[in-house]
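Working notes, structure below.
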Amino acid sequence: MVILLRDRVLDSVDAHVALMPAMLELTVDVPYPGATEVEQISVKRMRDMLLDPGVPSEVRDSIWSRLLRTSREKRDPWDVVTIWMMAPGLRRICWNCRRFGFVADLAELEAEAVSAFLVTARSADPDRPELGAWLWSATYRHVRRAVPRPRCETPTADIELVQALDASPFDASRAIAAFQRLVDDTAPAVEQSGDGDPVKVEGERLGAVAQRLGLRLPPGHAGSRAEGEAA
């Protein structure tokens with residue numbers, strides 16, 4: 721297998737093949753679909769054909785079929801050759817995952833993609849129709865399942881709190897009574913003034929709080945409160 725020469729595994733595969741030009745001259749017998757003819761094709765030419773959209777899909781599938789069979793029979797260096805053949809597709813898988821926000825850097829994604837591709841290639845049926853497209857899509861599905869996605873925080877506690885709130889309109893008398901109970905649990909709630917003046921209600925509330933806490937109001941506030949009581 722490849723000795724890592726770069727930070728990312730696919731870069732290492734490319735560097736490994738570049739340092740071993742004899743690997744590009746390896747050949748395999750590739751049968752043409754629907755014919756008895758067999759042609760010896762070099763590794764370099766096979767990759768060029770796989771990347772050429774003008775080559776019929778049947779020919780590309782025949783190349784993939786022969787690659788899978790050869791890598792199972794001879795393993796080294798054909799496992800590296802097979803990864804190199806799919807390297808452009810594996811890079812596309814990794815970039816797609818990054819674009820859709822998967823939580824992993826490119827090095828982790830490439831390692832996962834290569835591992836998934838090897839497992840897929842070893843279990844694939846070499847005679848499967850559209851073999852190349854299936855190898856890519858099966859590898860992509862595996863990587864998407866294996867790599868974690870970012871999770872949005874769910875405000876469960878906030879939702880439950882809002883649901884538990886009383887939906888009735890605000891009642892000032894209930895709020896004043898609740899505040900007074902915080903000051904003195906035994907103190908009765910102050911009755912709201914009959915005229916409903918919010919300023920007067922607020923003054924009565926502050927006066928009641930000051931009384932419970934033993935505070936003395938400033939002279940101006942005391943006079944205002946006395947005048948209010950006298951009225």
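Just so you know, the sequence shown maps onto residues 721 to 951 in my numbering. We put the CB at the ideal spot given by N, CA and C, even for glycine.
So residue i packs on residue j, CB below 8 Å; how close in whole Å?
i           : j           : result
residue 733 : residue 839 : Actually they are not in contact, since the Cβ atoms of residue 733 and residue 839 sit about 17 Å apart, beyond 8 Å.
residue 786 : residue 750 : 5 Å
residue 834 : residue 810 : 6 Å
residue 807 : residue 730 : 5 Å
Count the other CB atoms within 10 Å of the CB of residue i; is the residue buried (16 or more) or exposed (fewer)?
i            : result
residue 797  : buried
residue 1007 : Within the shown structure, residues of the chain are numbered from 721 to 951, placing residue 1007 beyond reach of any answer.
residue 782  : buried
residue 924  : buried
residue 766  : buried
residue 821  : exposed
residue 832  : buried
residue 740  : exposed
According to the Cβ coordinates, are residue i and residue j closer than 8 Å?
i           : j           : result
residue 770 : residue 743 : no
residue 762 : residue 788 : no
residue 803 : residue 859 : no
residue 862 : residue 836 : yes
residue 864 : residue 817 : yes
residue 758 : residue 790 : no
Take residue i as the anchor and find which of the options has the nearest alpha-carbon.
i           : options               : result
residue 727 : 830, 807 and 853      : 830
residue 849 : 825, 862 and 777      : 777
residue 826 : 867, 766 and 837      : 867
residue 773 : 864, 927, 852 and 924 : 852
residue 845 : 795, 832 and 784      : 784
residue 752 : 793, 815, 775 and 927 : 775
residue 792 : 927, 847 and 843      : 843
Going residue by residue through the segment 798 to 838, where are the continuous beta strand (DSSP E) segments of at least 3 residues, counting only ones entirely within it? Unbroken beta strand (DSSP E) stretches of 3 residues or longer found wholly inside the segment 798 to 838: none.
Contained alpha helix (DSSP H) runs [length at least 4] in the segment 746 to 802, N- to C-terminal order: You should have 763 to 771 and 777 to 794.
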